[in-house]
Amino acid sequence: MQTSKDLHKTPPVFGQLSFDNHEEVVFFNDKETGLKAIVGIHNSVLGPALGGTRMWNYKTEWEALNDVLRLSRGMTYKAAVSGLNQGGGKAVIIGDSKTQKTDVFMRKFGEFIHSLGGKYLTAEDMGMETRDMDIIREVTPYVTGISESKGGSGNPSPFTALGVYMGMKGAAKHQFGTDNLAGKKILVQGIGHVGEILVDYLSKEGAIITINDIDEQALEHISKKYNTKIQRGSDIYGLDVDIYAPCAMGATLNDYSISQLKAKVIVGAANNQLENENIHAKFLQKKGIIYAPDFLVNAGGIINIYREVANMTKAEAVTRTENIYHTTQEILQKAESQNISTHKAAFDMAQNRIDQRKLENK
Ligand code: NAD
63 MQTSKDLHKT PPVFGQLSFD NHEEVVFFND KETGLKAIVG IHNSVLGPAL
113 GGTRMWNYKT EWEALNDVLR LSRGMTYKAA VSGLNQGGGK AVIIGDSKTQ
163 KTDVFMRKFG EFIHSLGGKY LTAEDMGMET RDMDIIREVT PYVTGISESK
213 GGSGNPSPFT ALGVYMGMKG AAKHQFGTDN LAGKKILVQG IGHVGEILVD
263 YLSKEGAIIT INDIDEQALE HISKKYNTKI QRGSDIYGLD VDIYAPCAMG
313 ATLNDYSISQ LKAKVIVGAA NNQLENENIH AKFLQKKGII YAPDFLVNAG
363 GIINIYREVA NMTKAEAVTR TENIYHTTQE ILQKAESQNI STHKAAFDMA
413 QNRIDQRKLE NK
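Quick note, in my numbering, the sequence shown goes up one by one and the last residue is 424.
Spelled out as structure tokens, the structure:
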């Protein structure tokens with residue numbers, strides 16, 4: 063049994079590895095439905111915190127807390143670098159989205175979100191669907207990503223894929239001198255909601271695509287549909303390709319993978335691709351591999367949900383997402399001229415925007 067002495071051994075909230083001066087961390091519990099959720103508001107200088115809710119069977123509460131701290135921080139920089147007037151926030155629900163998620167459960171969660179008074183606006187993330195956002199909407203206006211039929215922005219994945227595609231073209235232009243991807247050998251890891259649409263763009267442009275996934279059925283289906291090659295298993299990083307697109311899980315850019323990589327450009331949808339932001343961003347720079355920062359190129363989804371908040375049209379959201387092409391080039395040029403990693407260049411650009419607004423607000 064844990065004694066009061068043991069409690070001192072566990073790191074307190076503010077001592078968590080991912081704690082980065084978050085403004086607010088709120089814990090919610092509902093005995094009736096079994097709902098346990100944490101909302102992290104990292105920074106609200108640019109506007110109310112916006113970010114999705116992730117429902118996951120976390121092994122421990124510490125794991126859930128770290129995730130919400132890490133993800134909400136990421137949202138701050140994603141919004142800032144994309145020019146949105148939103149802060150960074152995220153919610154996690156501890157549990158199994160397949161068995162525990164009922165309408166009553168989601169409504170209760172919506173009430174929790176409502177109690178924050180609009181400081182945090184939620185949206186979809188892993189374990190959540192547009193339908194869940196519609197249920198939350200019944201009890202609070204502080205939710206985005208609701209169905210198009212209900213006046214919302216719908217599924218964000220096509221926008222995310224468009225942003226990744228535009229980022230890839232921008233990075234290709236920087237590295238290869240042309241943004242034409244015809245004939246370029248491209249490895250797409252993860253062919254889910256975003257990956258498949260990316261494959262569609264790339265195949266229309268005439269790229270030579272190899273796909274990788276753990277879902278055998280998806281591999282067969284997508285490879286037939288788009289006439290791609292398949293590379294099974296996890297030993298994929300040494301593949302002879304020009305571009306690597308991580309569209310599955312995070313932390314695939316690490317000591318092992320980077321030392322294997324033959325690709326000269328990395329652009330993908332996955333969040334937190336760098337296992338260690340400083341070490342691995344510099345390692346890529348040293349190897350001359352152009353890495354388009356994930357929080358920059360995968361922002362299409364948040365740009366799309368932002369239109370519900372900012373009263374933007376769908377066409378405006380498309381234009382803003384397409385603009386990732388130019389922002390990517392701007393950041394890559396800045397990194398080159400200042401001899402810093404591309405991650406740092408993007409991070410600095412986002413931080414400057416926040417600092418500037420802070421000064422204006424004084
Ligand atoms: P998804 O769940 O639809 O697809 C992920 C795919 O990756 C699945 O096909 C899955 O089988 C595969 N996969 C899982 N583990 C793998 C492994 N070890 N090796 C190879 N493949 C593996 O997810 P998605 O919505 O397409 O999102 C993809 C990534 O992009 C995620 O990291 C997500 O957080 C990030 N992202 C998505 C959006 C969006 O709008 N959907 C926005 C921003 C970031």
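Cβ atoms here follow ideal geometry from the backbone N, Cα and C, with glycine treated the same way.
So, residue i versus residue j, is the Cβ gap smaller than 8 Å?
| i | j | result |
| --- | --- | --- |
| Val-226 | Ala-331 | yes |
| Leu-112 | Gly-149 | yes |
| Ile-292 | Val-261 | no |
| Thr-184 | Ile-175 | yes |
| Lys-349 | Ile-320 | yes |
| Ser-314 | Gln-347 | What sits at residue 314 in the sequence shown is Thr, not Ser. Taking 8 Å as the Cβ cut-off, Thr-314 and Gln-347 do not qualify as a contacting pair. |
| Asp-92 | Lys-140 | no |
| Ile-253 | Ala-280 | yes |
| Asp-356 | Asn-333 | yes |
| Gly-363 | Phe-167 | no |
| Ile-271 | Ser-265 | yes |
| Thr-202 | Gly-239 | no |
| Tyr-182 | Pro-110 | yes |
Leaving aside the five residues before and after residue i along the sequence, list all residues of the same chain whose C-beta is less than 8 Å from its C-beta, in chain order.
| i | result |
| --- | --- |
| Thr-432 | The question about residue 432 has no answer, for the chain in this structure spans 63 to 424. |
| Ile-416 | Asn-105, Val-107, Leu-108, Thr-138, Ala-142 |
| Asn-322 | The question names Asn, but residue 322 in the sequence shown is Gln. Cβ within range, chain order: Tyr-299, Gly-300. |
| Tyr-318 | Tyr-299 |
| Gln-78 | Trp-124, Leu-127, Asn-128, Leu-131 |
What do you get for residue i, buried or exposed, if any count of 16 or more other CB atoms within 10 angstroms of its CB means buried?
| i | result |
| --- | --- |
| Ser-403 | buried |
| Pro-308 | buried |
| Ser-177 | exposed |
| Met-63 | The predicted position of Met-63 is uncertain, since its pLDDT is 47 and thus under 50; no value can be drawn from it. |
| Val-303 | buried |
| Ile-276 | exposed |
| Ala-46 | In the structure as shown, the chain starts at 63 and stops at 424, and residue 46 therefore has no counterpart that could be examined. |
| Met-311 | exposed |
| Arg-199 | buried |
| Ala-412 | buried |
| Pro-218 | buried |
| Ala-408 | buried |
| Leu-421 | exposed |
| Lys-246 | buried |
| Asn-423 | exposed |
| Gly-151 | buried |
| Arg-382 | buried |
| Glu-278 | exposed |
| Phe-81 | buried |
| Ser-144 | buried |
Does DSSP classify residue i as helix, strand or coil?
| i | result |
| --- | --- |
| Arg-419 | helix |
| Phe-171 | helix |
| Met-63 | Low local confidence applies: a pLDDT of 47 at Met-63 is under 50, so the model's placement there is unreliable, with the coordinate-based value given in what follows. It is coil, neither helix nor strand. |
| Lys-396 | helix |
| Ile-198 | helix |
| Asn-274 | strand |
| Tyr-299 | coil |
| Gly-232 | helix |
| Ala-111 | strand |
| Gly-363 | helix |
| Ile-259 | helix |
| Gly-145 | coil |
| Leu-79 | coil |
| Ile-351 | coil |
| Leu-243 | coil |
| Asn-373 | coil |
Output needed for residue i: all residues of its chain with C-beta closer than 7 Å, excluding positions within five of it in sequence on either side, in chain order.
| i | result |
| --- | --- |
| Gln-391 | Gly-232, Lys-235, His-236 |
| His-84 | Gly-102, Ile-103, His-104, Leu-131, Ser-134 |
| Asp-196 | Ile-208, Ser-209, Lys-212 |
| Phe-345 | Ile-320 |
| Asn-316 | Glu-337, His-342 |
| Glu-339 | His-405 |
Per DSSP, residue i is paired with what?
| i | result |
| --- | --- |
| Ala-379 | Answer is none; Ala-379 lacks a bridge partner. |
| Phe-89 | Ile-100 |
| Ile-305 | Ile-248, Val-327 |
| Asp-205 | Checking the sequence, you will find Val at residue 205 rather than Asp. DSSP output for Val-205 lists Thr-184 as bridge partner(s). |
| Arg-116 | Val-154 |
| Lys-291 | Thr-272 |
| Asn-105 | Gly-150 |
| Leu-336 | Leu-315 |
Taking 6 Å as the limit between beta carbons, can you name the residues of its chain near residue i, skipping five residues before and five after?
| i | result |
| --- | --- |
| Ser-215 | Asn-366, Ile-367, Arg-369, Glu-370 |
| Ile-41 | Residue 41 is absent from the model: the chain starts at 63 and stops at 424. |
| Ala-354 | Gly-229, Ala-233, Val-329, Thr-390 |
| Ser-159 | Met-117, Gly-189 |
| Ala-244 | Glu-267, Gly-268 |
| Leu-146 | Tyr-368 |
| Gly-257 | Val-250, Cys-309 |
| Lys-406 | none |
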